[in-house]
Structure formats: structure tokens, C-alpha cells
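In the numbering used here, the protein residues as written are 8 to 236. From the three backbone atoms N, C-alpha and C, an ideal C-beta is built for every residue, glycine too. On a predicted model such as this, the values are computed, not experimentally measured, just so you know. One structure below.
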Amino acid sequence: MSRTLILADAASLDDLTVYLARAARIEEGSVRLIAGSGVLAVYVAVFYPVGLLDESPTVLGLRTLALGAPAELDVVVPIRSLQQRLERAAESLASRPEAERDAPVELALPMEVNTVTWAAISPPRGGWRAFDPVPAEPFERVAREGIGEVAAALPDGAGEQIVRRVRGEIWGRGVPEAEHIPAGAAFAALSLGFLGEDEVRVYETGPWTRLTTRRGHVLVRRRSWTLAR
């Protein structure tokens, strides 16, 4: 497998840098990169179940970028390691003559990791059915209220089990204007910078829901008891 990707331009490099910085503030874990047909799909995990008894939904962020050269790969790498390589690519770009700074950018990839459970769950690529769009405002409101509620509910030094339980309760609730969508999806959309003035388009297929704006996508794999609309 090639250890490099060619991003289309400096704007793509900046876009990926900002996106991963936001994702790392949520969880400095891993990122899944899928390249094909001239596009790089970048998945990050916001919420996912841990253990067989954890009924939390899987909530993923997705941003797509244009590639500057054909590539075919599907790898999972540490976010922090990829961020370091983005920094090096930006330094290399800055050293170019001004006239060459809009040329494609080479990005070296870090070593893969193989123990990321959420990356084994692949959202479908087709078969999505569109539903009525929802204004962005309810998602932003629910996300901000949830952030405040989590902060108030968690004492300093709370253990991991308590943290997961509290977050699961708060982020597992439905968005009032779209009860089948967990509040955790609203948190993901806000935290990853996907919310703006445009409406949130809603798509579904099987147990998956996709929220789409001009800035990116949030994918939710719902728990079994929420499968019915």
C-alpha cells in the first residue's frame, strides 16, 4: 500500500487540518481514511459502544476531500500522528515559491492501527432515502444544552464508567424536532463545524441515519429499540 496521498491543493490541506483538530478535541483517537474515485473520505468517531452491554449508538463524522492523484486505500491511523504529518506538509507548502502553492500537496501517512472497533462498522454507500430537512437551529440548541448538562452532571475526577453513563443518558435522548435522531448526532454536527445557515438534510437506510450539510456529514447507527420511525 502507498504510504502517501496527494491532496488536490492547499485548501484541502487546510480543510483536513481544521477538521482533525475539531475531532481531536472530542476524542484524540483514530481516523479512518478511505480513498477511491478521486475522493478521500475521512471518518472520525464521536460516540460508539464499548462492550457488549453498551447500547450507545455509533455516531461518526465524515468529511470528503478531492485528491490530486488517483489512490485506493482503506486505513485507520492515529489522529495525532496524522496531524503531525499535516503540519510537516504545511511547512513544506510554505517553503514553495508563491506560484506553486496551489499545486497538489503530498501527505505522508502514519502507520496503521488495528484495534479500533468502530472502524469495522462501514456505513452503506447507496440506498439512502431522503426525508424532510430540519433547520439547523434545533440541533445547535440541543447540542449546547447537552454540553452544559454534561459539564454540570460530572464531578471532577469522575471515573470512566460514570462519564460514559452520564454522557450516554444525555446524548442518547432524541432531538425534539426529530425524536429518532439522538442528541449525540447534534453534538457531533456542532463540534465538527458542520452546522451553519443551511438546513440539515436527513437520509436513512436500514439502521443508519445520515445528517448532511454543506460542511460535512454525521452518520448514526441507531440502537435496536430505535429502529422504527
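Taking its Cβ as the centre, do 16 or more other Cβ atoms sit within 10 Å of V209, making it buried, or is it exposed? buried
Taking all protein chains shown into account, do 16 or more other C-beta atoms lie within 10 angstroms of the C-beta of T122, making it buried, or fewer, making it exposed? exposed
Please confirm if the segment 137-150 is in contact with the segment 180-189, defined as three or more CB-CB distances below 8 Å between the two stretches. yes
If we ignore side chains and look at the alpha-carbon of each, how far apart do V57 and P104 end up? 49 Å
Hey, L114 and A97: beta-carbon distance below 8 Å or not? no
Starting from T219, trace the beta strand (DSSP E) in both directions and tell me its first and last residue. W215 to T220
Just confirm the distance between the C-beta atoms of R228 and T124, as a whole number of angstroms; I'd bet it's less than 8 Å. Between T124 and R228 the Cβ distance is about 12 Å, and since that is not below 8 Å, they are no contact.
For R132 and W215, I'd like the C-alpha separation in whole angstroms. 11 Å
Residues near A195 in its chain [Cβ-Cβ closer than 7 Å; skip 5 each side]: V53, V66, G68 and V225
Whole angstroms are fine: how far does the CA of R70 sit from the CA of L89? 15 Å
In the structure shown, what three-state DSSP assignment does Y250 receive? Limits of the chain in this structure are 8 at one end and 236 at the other, which puts residue 250 out of reach.
Considering only the beta carbon of each residue, do A15 and L74 sit closer than 8 Å? yes
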